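*Asks:* Just so you know, we're using full-length UniProt numbering here: the sequence shown kicks off at 1 and counts up by one. The beta-carbon is built from N, C-alpha and C at its ideal position, and this holds for glycine as well. Fair warning: this is a prediction, and the values are worked out from it, not measured in the lab. Please see the structure below; I have some questions.
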Amino acid sequence: MLSSFYTYENETEISSEVKCPICLDPFQLPLRDIYCGHSFCFQCIKTWLKRKQSCPICRQHFSKFVRINDERILKELDQLHVKCIHCNQTNIKRNNFNDHMSSECSSRTLIDHERTKQSTREYLNIEYLLKRINESMDNSRTQDDYREQINSMSLPVLIFIISGVHLLVYISVFIPVAVILNITDIFFYLLRHAITLLTRLMKLLIYRI
């Protein structure tokens with residue numbers, strides 16, 4: 001929440017179990033996906049979800065995020081010692097840093113104080129923001145399901161369209177051509193018989209003369 005205001009002491013000794021796999025720092029407002037079980041900082045996963053809806057570790061699609069309620073992990077995060085980058089005071093427990101910034105830090109500025117209040121408001125609104133994240137994932141899954149349905153329907157639709165085009169071509173081209181050819185055959189057949197009858201008639205007239 002206030003990670004830009006302090007640095008960690010003995011950072012190499014911090015357990016990887018309490019570190020976010022995205023930013024590689026100790027968790028800030030940690031969230032856990034209930035399906036794959038991997039955990040991330042709230043802000044880290046919020047940024048990640050703008051690009052992808054799958055876990056950066058196992059690549060499985062996220063299902064729903066919940067706040068980590070493991071008391072052991074939360075206590076370990078609270079007990080981490082940090083150093084204030086403004087007044088250089090050390091040996092401050094992370095869960096007490098907000099109090100330090102509000103009343104103890106000798107070098108804090110008005111801007112810092114406003115940022116602290118903003119971070120505090122974000123912390124108080126975490127449940128609302130968590131709800132928005134889950135709603136966003138639900139909407140994304142709905143869109144993915146719709147696209148999958150469209151893709152699964154695309155082949156039958158394509159076959160139907162091709163068959164329709166073939167039928168249209170057959171009706172509009174081959175049938176008229178066949179009709180014209182039949183009419184032509186009938187015309188030449190009648191013309192041939194007409195010439196034959198005319199020839200016979202002329203022969204009869206010649207014999208009579």
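(1) Would you mind working out which of 23, 34 and 162 sits nearest residue 134, comparing C-alpha positions?
(2) Got a sec, what are the start and stop residues for the beta strand (DSSP E) residue 49 sits in?
(3) Excluding sequence positions up to five away, which residues of its chain have a Cβ less than 8 Å from the Cβ of residue 15?
(4) Can you tell which of 27, 45, 5 and 4 has the C-alpha that lies nearest to the C-alpha of residue 129?
(5) When you compare only the Cα positions, how much space is there between residue 137 and residue 43?
(6) At which residues does the beta strand (DSSP E) containing residue 32 begin and terminate?
(7) Measure how close the beta-carbons of residue 8 and residue 66 come, nearest whole angstrom, since I'm counting them as under 8 Å.
(8) For residue 90, list the residues DSSP reports as bridge partners.
(9) Classify residue 19 as helix, strand or coil using the three-state DSSP reduction.
(10) Please report the straight-line C-alpha distance between residue 59 and residue 176, rounded to a whole angstrom.
(11) What are the residues that DSSP puts in a beta bridge with residue 7?
(12) Identify which residue in 162, 132 and 79 has its Cα closest to the Cα of residue 257.
(13) Check whether the Cβ atoms of residue 22 and residue 40 lie closer than 7 Å to each other.
(14) Excluding the 5 residues preceding and the 5 following residue 90 in the sequence, name in chain order all residues of the same chain whose CB lies nearer than 6 Å to its CB.
(15) The alpha helix (DSSP H) that contains residue 72, what's its start and end?
(16) Count the other CB atoms, across all protein chains shown, that sit within 10 Å of the CB of residue 190; report buried if there are 16 or more and exposed otherwise.
*Replies:* The short version:
(1) Working through the sequence shown from its first residue, we reach residue 134 at position 134. It is 34.
(2) Locating residue 49 in the sequence shown gives position 49, where the first residue counts as 1. Premise fails: residue 49 is in no beta strand (DSSP E) and is neither H nor E.
(3) On the sequence shown, position 15 is the one that residue 15 refers to. The residues are 76.
(4) Position 129 of the sequence shown, counted from the start, is the residue given in the question as residue 129. Closest by C-alpha distance to residue 129, out of 27, 45, 5 and 4, is 45.
(5) On the sequence shown, residue 137 is found 137 positions in, with the first residue counted as 1. On the sequence shown, residue 43 is found 43 positions in, with the first residue counted as 1. Each residue's Cα considered, the two are about 15 Å apart.
(6) Counting from 1 along the sequence shown, the entry for residue 32 is found at position 32. Here the beta strand (DSSP E) through residue 32 covers 30 to 33.
(7) In the sequence shown, residue 8 corresponds to position 8, counting from 1. In the sequence shown, residue 66 corresponds to position 66, counting from 1. 26 Å between Cβ atoms; not a contact.
(8) As a position in the sequence shown, residue 90 is number 90, starting the count at 1. BP columns for residue 90 are empty, so no partner.
(9) Reading the sequence shown from its first residue, position 19 is the one you call residue 19. It is a strand residue.
(10) As a position in the sequence shown, residue 59 is number 59, starting the count at 1. As a position in the sequence shown, residue 176 is number 176, starting the count at 1. Approximately 58 Å, taken between the alpha carbons.
(11) Stepping through the sequence shown from its first residue, residue 7 is reached at position 7. Answer is 83, bridged to residue 7.
(12) Only positions 1 to 209 of the chain appear in the structure, and residue 257 is not among them; the question remains open.
(13) For the purposes of this step, residue 22 is taken as residue 22 along the sequence shown, with counting starting at 1. For the purposes of this step, residue 40 is taken as residue 40 along the sequence shown, with counting starting at 1. Yes; because the gap between Cβ atoms is below 7 Å, this pair is in contact.
(14) In the sequence shown, residue 90 corresponds to position 90, counting from 1. Once the five neighbours on either side are set aside, the close Cβ partners of residue 90 are 83.
(15) On the sequence shown, position 72 is the one that residue 72 refers to. Run containing residue 72: 71 to 78, per the alpha helix (DSSP H) assignment.
(16) Here residue 190 corresponds to residue number 190 of the sequence shown, with the count starting at 1. Exposed, because fewer than 16 other Cβ atoms sit within 10 Å of the Cβ of residue 190.
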